[in-house]
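To keep things clear, I will list the structure first and then write my remarks on it.
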Amino acid sequence: MQSKIKNLNSTINLYLVLLISLLSGNLLSAQEIISTTENAETAEVEPKAPTTGTTFKVDGVAAVVGEFVILDSDIQQAIESLKQQKVEAEALTECKVLDKLMEDKLYAHHAVVDSITISEDQVRSYTQQQIDYFLNQFGGSEERVLKFYRKEKMSDLQKELLELNRNQELAKAMQQKIVEDVEVTPEEIRDYFKGLERDGLPQFGVELEISKILIEPEVPQAEKQKVIDELNGYRKDIVENGSSFATKAVLWSEDESSRGDGGLIKDVDRKSQFVKEFRDVAFSLEEGEVSKPFETEFGYHIIKVEKIRGQKIDLRHILRIPKVTTAAENEAKDKIEKIKKRIEEGELTFAEAAKEFSDEKETASDGGIMINPVTQDRMFELKNLPPDLYPKVQNLKEGEISIAFNNPTRTGKTRYEIYTVSDRLEEHEADFALDYVKIKEFTLQAKRIKAIEKWQNEKIAETYIKLNGTRKDCEYSSNWLKK
């Protein structure tokens, strides 16, 4: 079971690599396969095939799962990309890659069937993060990015990424629905640990409890007012003169994730991942109404509601970010250096300083202590720290404070941070009391795997699935061949 959990986590981590590789290919829905008279192996159509009256072009088709098609080229390109990423050879077989792709398509297909909804704004935000990452990898050159991914325009790349990410979010949402009611009892946790004792207790690596203090430069009031005046000007031109909100968003908005679509964000509901201020304004507007400028932690906005559909709305927005002066940035850096000095001289503790001075609300109230987003625990395994955090804390002794780092936001806004390791746990063999949170998570993962396996077996039996040619000879983790 331990190895199964490890394998599950590793396949999840392969998603970004698989995503990048698939961009060079054509990920199609079943309805998009073009009819042809070329010599090809003819698909054996089952009684409940997803589309009727259509002759499938199966040349190059590895598998069909519900309404989704996986091409031979998708598998090959994924493997080549995985090789470049130094993924273990054991995971690079065509059968294993296809197995993973079919799982994702099964989840996505049934998410659509079950009318599961996803956050469109979250998909767009993640897509923009990926594009920013790609640009960073190629020195900011759009031309090099387009050449590598064989696209003519950045909008083409964005469109394909959006579709891939929507399908992935659907798959994730389906998985979450499957396991949302799975819980474990203390007795199940003890039984799981006894099983570990019989099979050999695992070793846990170095773990850290990390605290931080964040200081942001203050934006001059004159800069704030300048942005507010600009937004009021846009609003007046739109409301009184009939100017296009979408055009102004393309020209002036600083939200890169929606700017290319004229500031459009679809399917927003009250549970969407927007800050409260944004949601409150959005849902206070009538259809077609344009808001007055308002502030969030990201800057200043105006919103126009395009359409109201029950509990969801489609909207456009323009974001403007007040400029921070060099003087304000220098003041912020001086401030965090002085805070660091006061802590080191014993004038106040790191926790006291975080509560009094830190601009990060999520951690300030708890003395700056960071929460591991994966385990919801205070401890972070050193080897699994995010790449941007690892070098900042890896060599810190317990109680030692890091130098001040500039950690800018995605929009380029300067922020200064200092870190300390408030607790350090060296490498050790699993202990029931010491590692209870992790052992509970392992137990829960094992139970979730069983729930997912049960769901997969049931859904595979009732879903149209077709494997072509030698793909039928693979050994799969799931019963794709319906034997």
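The C-terminal position of the sequence shown is numbered 483 in the UniProt record's numbering, with every residue numbered one higher than the one before it.
Backbone N, C-alpha and C fix where the C-beta goes; we use that ideal spot for every residue, glycine too.
For residue i versus residue j, is the C-beta spacing smaller than 9 angstroms?
i    : j    : result
P220 : T326 : no
K224 : Y234 : no
S272 : G263 : no
A328 : P217 : yes
E127 : L92  : For the sequence presented, residue 127 should be read as Thr rather than Glu. No, the pair does not count as a contact, with Cβ atoms beyond the cut-off.
V61  : N406 : no
A282 : I313 : yes
P293 : I228 : yes
L170 : I118 : yes
V305 : E287 : yes
L444 : V123 : no
V290 : F245 : yes
D423 : E398 : yes
Q311 : D269 : yes
K212 : S358 : yes
R415 : C95  : no
F134 : L157 : yes
E337 : L348 : no
L196 : I439 : yes
K226 : E120 : no
Give me whichever residues DSSP pairs with residue i in a beta bridge.
i    : result
F193 : Its beta-bridge partners do not exist; DSSP assigns none.
Y419 : K212
T296 : G299
M379 : E209
E398 : V421
K304 : V290, R316
A63  : I70, L467
H428 : F204
I369 : S211
R309 : K312
N406 : Y416
By the 10 Å Cβ neighbour count, where 16 or more other Cβ atoms means buried, how is residue i classified, buried or exposed?
i           : result
R320        : buried
Q175        : buried
K466        : buried
S155        : exposed
Q203        : exposed
L251        : exposed
I418        : buried
G66         : buried
D104        : buried
R198        : exposed
A63         : buried
N395        : exposed
P186        : exposed
P50         : Bear in mind that a pLDDT of 43 at P50, under 50, signals an unreliable position, so the number given afterwards is only what the model happens to contain. P50 comes out buried.
D435        : buried
N165        : buried
residue 488 : This structure cannot speak to residue 488, because the chain is shown only from 1 to 483.
R309        : exposed
Y390        : exposed
Can you give me the C-alpha to C-alpha distance between residue i and residue j, rounded to a whole angstrom?
i    : j    : result
D181 : I238 : 48 angstroms
K100 : Y107 : 11 angstroms
D132 : Y149 : 14 angstroms
D473 : Q456 : 20 angstroms
S478 : V113 : 21 angstroms
A430 : Y192 : 12 angstroms
P408 : L481 : 50 angstroms
E458 : Y476 : 16 angstroms
L146 : R259 : 19 angstroms
I403 : A351 : 17 angstroms
K177 : K447 : 14 angstroms
L82  : I343 : 46 angstroms
L386 : N372 : Here residue 386 turns out to be Pro, not Leu, going by the sequence shown. Rounded to whole angstroms, P386 to N372 spans 11 angstroms at the Cα level.
V437 : I449 : 18 angstroms
Y464 : L214 : 52 angstroms
F432 : K383 : 22 angstroms
K454 : N330 : 58 angstroms
D255 : H428 : 46 angstroms
N136 : F298 : 22 angstroms
T375 : E90  : 28 angstroms
S243 : K159 : 27 angstroms
E142 : K483 : 48 angstroms
L19  : E295 : Only weak support is given to the placement of L19: the predicted model assigns it a pLDDT of 46, under 50, and the question is left unresolved by the model.
E360 : H301 : 21 angstroms
K340 : V421 : 14 angstroms
Hey, is residue i's beta-carbon within less than 9 angstroms of any beta-carbon in chain B?
i    : result
E152 : In summary, chain B is missing from the structure at hand, where a single protein chain is found.
Counting only runs that start and end within the segment 118 to 157, where is the alpha helix (DSSP H) found for 4 or more residues in a row? If we require 4 residues or more, the alpha helix (DSSP H) runs fully inside the segment 118 to 157 come out as 120 to 137, 142 to 149.
Completely contained alpha helix (DSSP H) runs for the segment 225 to 283, where each covers 4 or more residues: 245 to 252, 256 to 259, 276 to 282
Runs of beta strand (DSSP E) lying entirely within the segment 72 to 114, each at least 3 residues, in chain order: none
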